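Note that the protein sequences, when read in sequence, are chains E and D. Numbering-wise (numbering that gives the first Met the number 0), the first sequence opens with residue 0 and increments by one. Numbering-wise (numbering that gives the first Met the number 0), the second sequence opens with residue 0 and increments by one. Written below as structure tokens is the structure these notes are about.
2 protein chains.
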Amino acid sequence: MNVDSPSVSQRDEQRLLHVSRDELLDHQSRRLRNIVSWAYERVPYYRGMFQEHGIGPQDIRDIEDLTKLPLLTKDAFRATYPFGLFAVPQSQLTRIHASSGTTGKPTVVGYTAEDLSTWANLMARSLTVAGARRGDTVQIAFNYGLFTGGLGAHYGAEAAGCVVVPASTGNTDRQVDLILDLGPKVILCTPSYLRVLLTAMAARGITKEQCSLKVAVLGAEQWSENFRNRIITDFPYNITPVNIYGLSEIMGPGVACENGETLDGLTLWEDHFLAEIIDPKTLRPVPSGELGELVITCLTKEALPIVRYRTGDLTRLLPPTWSTFQRIDRISGRADDMFIVRGLNIFPSTIEEIICQFPELGTDYQIHLSRPMHLDEMELHCESSYPLASATSTNDIADRLTKLVQMKTGVSSKVKICAPGILANLGGSKVKRIFDSRMGKI
Amino acid sequence: MNVDSPSVSQRDEQRLLHVSRDELLDHQSRRLRNIVSWAYERVPYYRGMFQEHGIGPQDIRDIEDLTKLPLLTKDAFRATYPFGLFAVPQSQLTRIHASSGTTGKPTVVGYTAEDLSTWANLMARSLTVAGARRGDTVQIAFNYGLFTGGLGAHYGAEAAGCVVVPASTGNTDRQVDLILDLGPKVILCTPSYLRVLLTAMAARGITKEQCSLKVAVLGAEQWSENFRNRIITDFPYNITPVNIYGLSEIMGPGVACENGETLDGLTLWEDHFLAEIIDPKTLRPVPSGELGELVITCLTKEALPIVRYRTGDLTRLLPPTWSTFQRIDRISGRADDMFIVRGLNIFPSTIEEIICQFPELGTDYQIHLSRPMHLDEMELHCESSYPLASATSTNDIADRLTKLVQMKTGVSSKVKICAPGILANLGGSKVKRIFDSRMGKI
Numbered sequence: 000m001n002v003d004s005p006s007v008s009q010r011d012e013q014r015l016l017h018v019s020r021d022e023l024l025d026h027q028s029r030r031l032r033n034i035v036s037w038a039y040e041r042v043p044y045y046r047g048m049f050q051e052h053g054i055g056p057q058d059i060r061d062i063e064d065l066t067k068l069p070l071l072t073k074d075a076f077r078a079t080y081p082f083g084l085f086a087v088p089q090s091q092l093t094r095i096h097a098s099s100g101t102t103g104k105p106t107v108v109g110y111t112a113e114d115l116s117t118w119a120n121l122m123a124r125s126l127t128v129a130g131a132r133r134g135d136t137v138q139i140a141f142n143y144g145l146f147t148g149g150l151g152a153h154y155g156a157e158a159a160g161c162v163v164v165p166a167s168t169g170n171t172d173r174q175v176d177l178i179l180d181l182g183p184k185v186i187l188c189t190p191s192y193l194r195v196l197l198t199a200m201a202a203r204g205i206t207k208e209q210c211s212l213k214v215a216v217l218g219a220e221q222w223s224e225n226f227r228n229r230i231i232t233d234f235p236y237n238i239t240p241v242n243i244y245g246l247s248e249i250m251g252p253g254v255a256c257e258n259g260e261t262l263d264g265l266t267l268w269e270d271h272f273l274a275e276i277i278d279p280k281t282l283r284p285v286p287s288g289e290l291g292e293l294v295i296t297c298l299t300k301e302a303l304p305i306v307r308y309r310t311g312d313l314t315r316l317l318p319p320t321w322s323t324f325q326r327i328d329r330i331s332g333r334a335d336d337m338f339i340v341r342g343l344n345i346f347p348s349t350i351e352e353i354i355c356q357f358p359e360l361g362t363d364y365q366i367h368l369s370r371p372m373h374l375d376e377m378e379l380h381c382e383s384s385y386p387l388a389s390a391t392s393t394n395d396i397a398d399r400l401t402k403l404v405q406m407k408t409g410v411s412s413k414v415k416i417c418a419p420g421i422l423a424n425l426g427g428s429k430v431k432r433i434f435d436s437r438m439g440k441i
Numbered sequence: 000m001n002v003d004s005p006s007v008s009q010r011d012e013q014r015l016l017h018v019s020r021d022e023l024l025d026h027q028s029r030r031l032r033n034i035v036s037w038a039y040e041r042v043p044y045y046r047g048m049f050q051e052h053g054i055g056p057q058d059i060r061d062i063e064d065l066t067k068l069p070l071l072t073k074d075a076f077r078a079t080y081p082f083g084l085f086a087v088p089q090s091q092l093t094r095i096h097a098s099s100g101t102t103g104k105p106t107v108v109g110y111t112a113e114d115l116s117t118w119a120n121l122m123a124r125s126l127t128v129a130g131a132r133r134g135d136t137v138q139i140a141f142n143y144g145l146f147t148g149g150l151g152a153h154y155g156a157e158a159a160g161c162v163v164v165p166a167s168t169g170n171t172d173r174q175v176d177l178i179l180d181l182g183p184k185v186i187l188c189t190p191s192y193l194r195v196l197l198t199a200m201a202a203r204g205i206t207k208e209q210c211s212l213k214v215a216v217l218g219a220e221q222w223s224e225n226f227r228n229r230i231i232t233d234f235p236y237n238i239t240p241v242n243i244y245g246l247s248e249i250m251g252p253g254v255a256c257e258n259g260e261t262l263d264g265l266t267l268w269e270d271h272f273l274a275e276i277i278d279p280k281t282l283r284p285v286p287s288g289e290l291g292e293l294v295i296t297c298l299t300k301e302a303l304p305i306v307r308y309r310t311g312d313l314t315r316l317l318p319p320t321w322s323t324f325q326r327i328d329r330i331s332g333r334a335d336d337m338f339i340v341r342g343l344n345i346f347p348s349t350i351e352e353i354i355c356q357f358p359e360l361g362t363d364y365q366i367h368l369s370r371p372m373h374l375d376e377m378e379l380h381c382e383s384s385y386p387l388a389s390a391t392s393t394n395d396i397a398d399r400l401t402k403l404v405q406m407k408t409g410v411s412s413k414v415k416i417c418a419p420g421i422l423a424n425l426g427g428s429k430v431k432r433i434f435d436s437r438m439g440k441i
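Structural data, given as structure tokens:
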């Protein structure tokens with residue numbers, strides 16, 4: 000339902016993806032002026048913030064003026080819980096989502112009918128760019144409910160004219176049955192859950208010919224280029240893993256998505272989102288192309304205007320390739336996921352990149368941090384890909400891994416290798432990688 | 000999105016609900032002719048069935064001719080799994096749902112965009128009749144995913160112009176937080192889960208003034224009039240429990256719904272569904288107003304035409320009251336839920352009606368059937384509503400319950416009364432009432 004006529008929308012989309020940068024910048028500036036006024040006039044919290052910084056809508060003429068505006072953090076959601084950042088009364092919303100809120104109250108977000116339509120169209124654009132086509136069957140194995148993954152993907156797949164199988168999470172055997180019986184070409188899930196599914200399929204002896212899947216659109220968890228390579232080399236299927244990005248404060252899945260043919264980073268839908276990369280400590284812009292924290296401004300969100308939101312995600316901005324839009328690199332960590340061991344900054348993604356280089360190891364892992372004797376200790380738990388022949392081979396792999404981790408991070412770690420499947424993320428929800436039992440946790 | 004202009008759609012709906020019976024019959028006959036041709040021409044399984052009965056589309060002129068057509072059972076889904084009953088190619092579907100398939104393969108159903116639009120509109124009509132209004136917040140605590148409850152309710156609430164909180168099932172504490180923080184007027188869930196929620200709310204000391212809920216739309220489980228009374232008397236809230244009916248083979252939730260003001264049985268949306276009541280043994284129509292198995296013909300379903308489907312649900316057909324449409328009585332059992340103890344037919348609903356008459360008992364219960372010594376034994380497990388003062392009072396309640404069950408069913412049973420909350424359905428999914436450990440089970 001609510002699917003635009005394919006010919007019209009596809010033509011519009013094609014044009015839009017290839018407008019000139021100048022046209023895009025004009026468009027962005029116009030939308031930025033609108034949204035800043037919208038936020039200022041309708042949300043007392045923004046008005047207060049802007050006034051504190053001695054700035055008003057009249058000071059924002061084009062996107063060059065963006066940095067004059069103050070940054071917004073997750074604290075703003077907590078301070079105004081549940082509806083204080085909203086620009087429309089609750090009765091004008093069509094849907095409310097909420098993040099899980101690991102500590103205290105959840106982060107509540109809301110959408111007008113227009114916002115949901117924008118979201119569905121951007122998610123449809125993402126799926127199309129990833130490789131889905133009208134009439135393709137799409138199995139959605141993200142969780143449905145308050146989490147934006149399931150319903151966000153669902154509405155997008157519908158808007159793309161696909162046949163949606165709303166499998167939701169869990170029940171791996173049944174997911175495999177659905178793949179065999181309904182023949183989906185595309186699946187959406189977390190990267191760790193894709194691996195669980197493919198492992199189950201391989202264990203059931205399912206051949207490449209029996210597997211209809213061609214594209215896996217992976218999100219809601221950070222993953223590495225080596226993880227992608229491992230999906231391709233470890234399983235006898237012909238599935239292209241494609242990266243998608245989103246977060247509920249901004250919209251949900253479909254903020255940026257990788258092109259399934261070029262696989263060269265995530266194209267950011269710049270007609271709706273402005274991106275900046277800042278140094279998370281100085282809050283200043285980093286030099287072009289360098290790693291830093293992603294800050295997003297939503298140009299079109301009605302219900303919950305978002306101006307300069309610190310996403311907490313670390314990435315870099317990359318120039319356009321196949322379309323007019325700039326790209327972001329895969330998320331290489333979260334500002335708050337970074338952990339410090341003996342004074343050295345480490346991202347889980349660095350550890351993952353290293354582990355994935357070992358074909359003898361699976362891609363699931365845990366990082367255990369402790370401080371038994373005043374000094375931090377790091378222990379990595381990995382799985383072997385297959386039962387290892389001897390204690391000698393286990394020790395050999397552990398030694399090589401320890402050396403590589405020492406070389407890349409500067410930290411000496413212990414390594415524990417366990418049997419295949421022990422650490423797998425069976426639930427399909429976000430996976431926990433870091434187990435920090437240190438007091439203080441610097 | 001895809002919400003019709005409220006003025007137009009509401010006016011149309013009002014007119015439709017009050018057309019004359021004659022106009023409705025004409026409309027039904029026209030649609031019946033169409034759908035029978037559609038099924039015959041596009042689905043070889045139907046063509047084969049019809050031909051076996053020596054009947055063709057030309058024999059169906061009006062709804063009087065309906066009984067000439069053969070009955071369809073769930074076996075047809077199994078025999079044609081997964082897509083053999085479909086009238087359109089898979090690529091023309093918009094969504095696929097599947098029932099859980101407790102034994103073997105699930106029952107796969109599919110919808111075109113038009114089917115989904117019909118479903119959303121009928122579910123919106125149901126919610127409106129139940130008491131929801133444009134701009135009201137609606138919390139949906141049915142499971143989202145392949146089960147039709149969550150997504151069916153979701154699209155309906157959106158089409159009704161409501162603000163949807165897609166809470167899905169589980170996490171009762173969080174559900175209560177959402178009720179307190181987001182102020183929903185309407186909740187949709189299973190009757191047993193509503194009781195769990197209200198019990199949790201009462202335990203947290205939440206007052207009537209703090210509880211925004213006014214209407215609970217309850218489905219996916221059979222429940223009794225006494226259960227409704229107990230919801231009203233046991234909790235200090237002012238919530239009207241309203242009955243809704245649906246099943247995935249027919250559409251999903253919203254096939255019939257009770258009027259929240261008259262509370263006099265479920266109005267069946269006869270512009271889209273034809274109902275018959277048959278004797279499940281003789282397969283003949285039962286006399287008007289008598290209990291039997293509900294058979295439904297869908298007048299408008301494109302993707303998966305349904306002609307004379309035996310739902311397995313036992314109910315009776317009731318004349319129209321507040322609208323032109325006939326009503327069905329609350330489902331009083333399933334043809335296959337009925338169990339036989341010492342040669343006597345018993346429905347769980349009969350037991351539930353009796354238990355709910357005891358204010359000292361909760362509404363959760365289990366029926367345990369065994370055959371320790373060649374003879375069937377029935378034991379009822381109930382919960383007390385509050386910790387009971389003495390063994391004497393426990394024995395007294397058990398005695399009275401045993402006598403009442405003997406009187407109403409003819410079977411003498413043992414009764415075990417346990418502490419409050421032991422038997423509660425915490426998961427929010429379908430509750431299990433019967434535990435039958437007999438061999439053979441007849």
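Ideal Cβ placement from N, Cα and C applies to all residues, glycine included. Just so we're clear, the structure is a prediction, and the values are computed from it rather than from any experiment.
- Contacts with chain D (Cβ-Cβ distance below 7 Å) from the region 167 to 193 of chain E involve Ser167, Asp180, Leu181, listed in chain order.
- Beta-carbon to beta-carbon, Val128 (chain D) and Cys256 (chain D) are separated by about 6 Å, close enough to satisfy the 8 Å threshold.
- For Tyr308 (chain E), the pairing in a beta bridge is given by DSSP as E:Leu71, E:Ile295.
- For Phe434 (chain E), the enclosing beta strand (DSSP E) starts and ends at 433 to 435.
- Beta-bridge pairing by DSSP links Arg41 (chain D) to no other residue.
- Within 8 Å of the CB of Tyr143 (chain D), the CB atoms of chain E belong to Tyr143, Gly144, Gly149, Leu150, Pro165, Ser167, in sequence order along the chain.
- Distance from the Cα of Ser90 (chain E) is smallest, within the candidate group E:Asp74, E:Tyr80, E:Ala112, E:Arg77, for E:Ala112.
- Contacts between Ser90 (chain D) and chain E, judged by CB atoms closer than 7 Å, involve Gly134, Val162 in chain order.
- Along the region 109 to 184 of chain D, the beta strand (DSSP E) occurs as fully enclosed runs of 3 or more residues at 136 to 139, 162 to 164, listed in sequence order.
- In this structure, Pro165 (chain D) keeps its C-beta atom at 8 Å or more from the C-beta atom of Gly218 (chain D).
- Counting only Cβ-Cβ distances below 7 Å, Ile205 (chain E) has no contacts in chain D at all, with the closest Cβ about 17 Å away.
- One finds Thr93, Arg94, Ala112, Leu115 in chain D with Cβ atoms closer than 9 Å to the Cβ of Glu157 (chain E), taken in chain order.
- No Cβ of chain E is located within less than 8 Å of the beta carbon of Pro252 (chain D).
- Contact of Pro81 (chain E) with chain D is assigned, a C-beta pair being separated by under 8 Å.
- Between Ser223 (chain D) and Glu12 (chain D), the C-beta gap is not smaller than 8 Å, which leaves the two residues out of contact.
- Nearest Cα to Lys213 (chain E) within the set E:Lys184, E:Asp135, E:Gln221, E:Ile433: E:Lys184.
- The residues Gln221, Ser223, Ser331, Gly332, in chain order, have a CB closer than 7 Å to that of Ser348 (chain E) in the same chain once the five nearest residues on each side in sequence are set aside.
- Residue environment for Lys300 (chain E): buried (at least 16 other C-beta atoms within 10 angstroms of its C-beta).
- For Phe85 (chain E), there is no enclosing alpha helix (DSSP H), as DSSP gives it neither H nor E.
- Taking C-alpha positions only, Cys417 (chain E) is separated from Glu157 (chain E) by approximately 42 Å.
- Distance check between Ser322 (chain D) and each of D:Gly155, D:Arg32, D:Arg124 places D:Arg124 closest, using alpha-carbon atoms only.
- Within the same chain, and ignoring the five residues on either side of Leu115 (chain D) in sequence, the residues whose Cβ sits closer than 8 Å to its Cβ are Thr93, Arg94, Tyr154.
- A contact is defined here as three or more CB-CB pairs under 8 Å, and the region 229 to 236 of chain E fails this definition with respect to the region 45 to 59 of chain E.
- D:Tyr308 is the residue among D:Tyr308, D:Asp263, D:Val285 whose C-alpha sits nearest the C-alpha of Phe272 (chain D).
- In this structure, Gly182 (chain D) sits near Thr136 (chain D), with a CB-CB distance shorter than 8 Å.
- Remark: C-beta atoms of Gln356 (chain E) and Leu422 (chain E) do not approach each other more closely than 8 Å.
- Contact annotation: the region 60 to 79 of chain D touches the region 24 to 38 of chain D, with at least three C-beta pairs closer than 8 Å.
- With distances taken between CA atoms, Leu71 (chain D) lies nearest to D:Phe49 out of D:Asp328, D:Phe49, D:Gly134, D:Val216.
- Annotation for Val404 (chain D): no beta strand (DSSP E) segment contains it, though the alpha helix (DSSP H) segment containing it runs 390 to 408.
- In this structure, the straight-line span from the alpha carbon of Ile276 (chain E) to that of Thr314 (chain E) is close to 8 Å.
- Between the C-alpha atoms of Leu290 (chain D) and Leu316 (chain D) there is a straight-line separation of about 8 Å.
- Judged by DSSP secondary structure, Tyr192 (chain D) falls within the alpha helix (DSSP H) whose first and last residues are 190 to 202.
- Partner residues in the beta bridge of Met377 (chain D), as assigned by DSSP, are D:Leu368, D:Ser412.
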